[in-house]
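S.K.: First, the structure itself, so that you have it in front of you.
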Amino acid sequence: MQRRIQKWGNSLALRIPKSFAQEIGLDRDVPVNVSLEDGRLIVVPVTESPLTLERLLEQVTEDNIHREVDIGPAVGEEQW
Numbered sequence: 851m852q853r854r855i856q857k858w859g860n861s862l863a864l865r866i867p868k869s870f871a872q873e874i875g876l877d878r879d880v881p882v883n884v885s886l887e888d889g890r891l892i893v894v895p896v897t898e899s900p901l902t903l904e905r906l907l908e909q910v911t912e913d914n915i916h917r918e919v920d921i922g923p924a925v926g927e928e929q930w
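Each number in my numbering corresponds to the 1-based position in the sequence shown with 850 added.
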């Protein structure tokens, strides 16, 4: 299918046919990774969910947890 690149503000835009978007799970505001490979523009939907505190904490293990560091007694009103 041949498409035409159009101007959009200071950028260029390519309209993606609805059937293509549906086939690969694209929708409005869906994040995508854009890359160049061998002179080709590759657009791939981001399948990884965004980082959350829960996901980050799941990665903490006994081997990589940071130990408490003693930085001395509280000063002024910083004690809690």
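Where is the CB? At the ideal position from N, CA and C, for every residue including glycine. The structure displayed is predicted, hence computed values, not measured ones.
Since Ala-936 is in the beta strand (DSSP E), which residue starts that stretch and which ends it?
M.R.: Residue 936 is absent from the model: the chain starts at 851 and stops at 930.
S.K.: Whose C-beta lies closer than 7 angstroms to the C-beta of Arg-890 among residues of the same chain, with five residues either side of it excluded?
M.R.: none
S.K.: Which value, in whole angstroms, describes the spacing of the CA atoms of Val-894 and Phe-870?
M.R.: 12 angstroms
S.K.: Ordered along the chain, which non-local residues of its own chain (more than five positions away) have a Cβ less than 7 angstroms from that of Val-925?
M.R.: none
S.K.: Using only alpha-carbon positions, find the residue among Leu-864, Asn-860, Glu-898, Gly-922 that is nearest to Met-851.
M.R.: Leu-864
S.K.: What ranges does the beta strand (DSSP E) occupy inside the region 863–893, keeping only unbroken runs of at least 3 residues that lie completely in it?
M.R.: 882–887
S.K.: Below 8 angstroms CB to CB, which residues in the same chain sit around Ile-855 once its five sequence neighbours on both sides are set aside?
M.R.: Leu-862, Ala-863, Leu-864
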